[in-house]
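Presented below is the structure to which this report refers.
In my numbering, the protein residues as written are 2 to 957.
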């Protein structure tokens, strides 16, 4: 009904009530009329029946048929009377007048109780009993008495008057027809009225709709006048006013459009001029971009050239025999130079990152090595500020992953460097954990977080921190330096590697920068030999920095070492003594200290007691030092700087506990031959570089490989040498004065013949992405970017000449010296006698201090010679001479206060005389006691001890 139109709704509202009313009235009057007709027929029938019963009383009593026939004929003249029948008292029909046969007459129900009627389809019979009337005067005066008296007697008979329904039915049909005609007339009248009303209401609405449609088509001159009443007049007025307003607005809008068109025309002319200017500006920008790229290439060359010398000669020094301290310094220089090279590469690649053209490497690498390299490189900056710099890589983190190690190292370096820069006290902790593992795709999700205890960041600083050239403090008076580019590059690099980066920080409570990596696992990384040689060993550990202690303890327990941690030097010394009393001494004592404890007398005394008195080897863990010549490092058997690297710690412990030097090959180990056989002759190589340091470096590397190499400082000199001799390989620098590398290469290519083509490798410090493709088009066979790597150089020589510089006999084996310390013996696991007793020495010299000091000095002077002689005689199996040597040593100990050496010399001499089977063990114990006595003398001012003993009697 909601979708009906106005006309339909008006018709429904008008017709429905009228139709319902008309129908109800018609039905009511028809029903009343028909009932009246039937009632009249019934009343007339009953009246005629009573009249006939009264008139026929005598005829029935006397059975006078003639009288009854006259009565019936007279009554049949009445309207609707069809037939009359008389019955006797027995119910037998006496006389029948009217239609109907006696044979077919249906027996009627005759009752003496009163009148009755029988209804048929076309007629109704009214039956009335006839009684004999009492004609007495009293009964005549009282009708009720007459009726009661009559009822007491049996009826004389019955009278049946049949009334026809024909006229009644006609009257009924007539009434129905008249009612139907009246109803139809009422409905038609109502319909006419409804249509008239709906048209009077809807026609103005349609006119208004048509007017609105014309206005919608833009015919704003349209006006509407319906004359349909005051309500429609208001609507008409509003519509006409709206049309007038729209007409005025259209005129005004057209005027504005004309004005705007004129303005737009002028603007287009201005834009056309600006487009011309922008085209010129674009050309200038492209030219500036080209100049910038050229500048970056030149800057790369200028920076990489000295870096090439620094890194190259550092590697050469690392190949020479060096003490461990100097080797550590050189490794730090090399790693710092590599990080600087990484930063240079990042700056040069920043424009490439912004342009979305960054290409990431996908090579296998060891994540733990990357973490350690960054931490070792940044350790000096952290330790200068007395910060605890700690890497924590959990056991479940895989080490063999695929990715770009240079980019991962750069991100870690940026984040750790920022943490160090903004932290004044406390610690900087790098944690690497495994977040998720997808075994189906052979992929893992790693989370690397760098937490510091620095100044923290506000929410406003956090929101813009990863934007390029943005810093937490960008004022000119800022406390912390930097370009503000590191975090922006880190964010883009992490996103390019498929990870996420973020931070959690609170102002004044430090910050935690984190990023995730989703690398694939690689099976090509060599995990190295398993670190199982230290399983079951016991180590005691004293650390002043809690987080570093946690990391080192975690690492030691991973190797199967039992670690006992103590909190003070006194507790450490007490635990060592108790363990030796139980014959379960510690293999090594680890002692970690901070910068302000480097000159601590307490720790000096602790190390002296452990090394000399308890014969327990110690490994000192200190911050990065400017020099290793500190009192503590001279007392300890081993020394490492924090943060502790896995391999360095394992090798140092292996030396201190088992006396095994790192890198020693197992018996029977043989090196595999190189895949390419050595050529019949040594290749002839030419190196061309205008920089003296770079040329010297390349020549040194080539000479170390025992190659026939020549150098040229310019393109003209190189071309002259190529014309004189044929070379198997040429290393060509690109940027040279006069004739550059590209022109020199093209001229050398002109000298090539069908039988010989000289391979030329480009040496360039340019780091642009398309450099290699461009060089291959210019005639170069290969590409090697500066700084030059010795391994890359050897690989290129083997690839283009077949000469393997790493093959045994080719001269690349470099003898390394781990350090300059004398051999170490393992810690003593049991309680032992004192090494030296000054009081006993004086007693054995009859109380003469000078004599005791002289005898002790003579024993010490003889010790180095005796140690070597005992070892040599034992190896030569000269038992008699060995017995003589030991007997002489035993005799010397009888006059000096050396209880330990005296006891073991006595046992060994007795074993030699008796040829005891434990002679080898006793020999080792004797050597250990002699070395311990020698170490005690080196680390103790024993002359002062004798003089103090000499002064004590005088003071007493």
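Virtual Cβ for every residue (Gly too), placed ideally from N, Cα, C.
Nearest-angstrom Cβ-Cβ length linking residue i and residue j, presumed shorter than 8 angstroms
i	j	result
residue 740	residue 716	3 angstroms
residue 959	residue 38	Because residue 959 is not part of the residues shown, which for the chain are 2 to 957, the question remains open.
residue 535	residue 658	7 angstroms
residue 548	residue 428	5 angstroms
Identity of the residues DSSP links to residue i by a beta bridge
i	result
residue 522	402
residue 542	566 and 591
residue 921	Paired residue(s): none; residue 921 is not in a bridge.
residue 621	592 and 640
residue 125	120 and 164
residue 429	390 and 453
residue 438	445
residue 517	448
residue 533	DSSP output for residue 533 lists no bridge partner at all.
residue 35	In DSSP, residue 35 forms no bridge with anything.
residue 958	In the structure as shown, the chain begins at 2 and stops at 957. Residue 958 is therefore absent and cannot be evaluated.
residue 131	158
Residue from the options with nearest C-alpha to residue i
i	options	result
residue 214	201, 190 and 240	240
residue 522	602, 857, 402 and 571	402
residue 750	736, 778 and 737	778
residue 646	636, 638, 622 and 637	622
residue 543	620, 122 and 489	620
residue 736	83, 15 and 300	300
residue 133	70, 79, 64 and 238	64
residue 729	339, 744, 25 and 761	761
residue 400	228, 57, 435 and 377	435
residue 77	579, 121, 59 and 162	162
residue 856	890, 43, 270 and 426	890
residue 327	836, 273, 683 and 626	626
residue 940	398, 776 and 616	616
residue 758	546, 62, 710 and 782	782
residue 550	644, 923, 203 and 123	644
residue 780	795, 363, 753 and 792	753
residue 310	595, 377, 790 and 281	790
residue 504	342, 460 and 755	460
residue 648	197, 610, 369 and 905	369
Limits of the unbroken alpha helix (DSSP H) element including residue i
i	result
residue 861	850-876
residue 552	547-559
residue 765	Run containing residue 765: none in the alpha helix (DSSP H); it sits in the beta strand (DSSP E), 761-765.
residue 802	791-802
residue 719	716-725
Boundaries (first-last residue) of the beta strand (DSSP E) holding residue i
i	result
residue 784	783-786
residue 393	389-394
residue 94	94-98
residue 734	730-734
residue 505	502-506
residue 57	No beta strand (DSSP E) contains residue 57, which DSSP labels as neither H nor E.
residue 365	364-367
residue 493	Residue 493 -> not in any beta strand (DSSP E); alpha helix (DSSP H) instead, spanning 487-497.
residue 82	82-89
Cβ shell of residue i (< 8 angstroms), same chain only, five flanking positions each side left out
i	result
residue 476	Summary for residue 476: the model assigns pLDDT 42, below 50, so the residue's position carries little reliability, and this model does not support an answer.
residue 852	846
residue 868	928, 931, 932 and 935
residue 331	315, 318, 319 and 323
residue 110	117, 119 and 128
residue 540	557, 562, 563, 564, 565, 587, 588, 589, 590, 591 and 654
Cutoff 6 angstroms; reference residue i; Cβ partners in own chain excluding five residues on either side
i	result
residue 845	896
residue 815	In this predicted model, residue 815 has a pLDDT of only 39, less than 50, meaning its place in the structure is not dependable enough to derive any value.
residue 382	421
residue 451	416, 417, 420, 431 and 514
residue 491	412 and 415
residue 66	96
residue 1	Nothing can be reported for residue 1, as the shown portion of the chain is limited to 2 through 957.
Own chain residues within Cβ distance below 7 angstroms of residue i, not counting five before or after
i	result
residue 31	176, 177 and 180
residue 397	435
Residue-chain proximity (residue i, chain B), Cβ-Cβ < 8 angstroms
i	result
residue 705	In summary, chain B is missing from the structure at hand, where a single protein chain is found.
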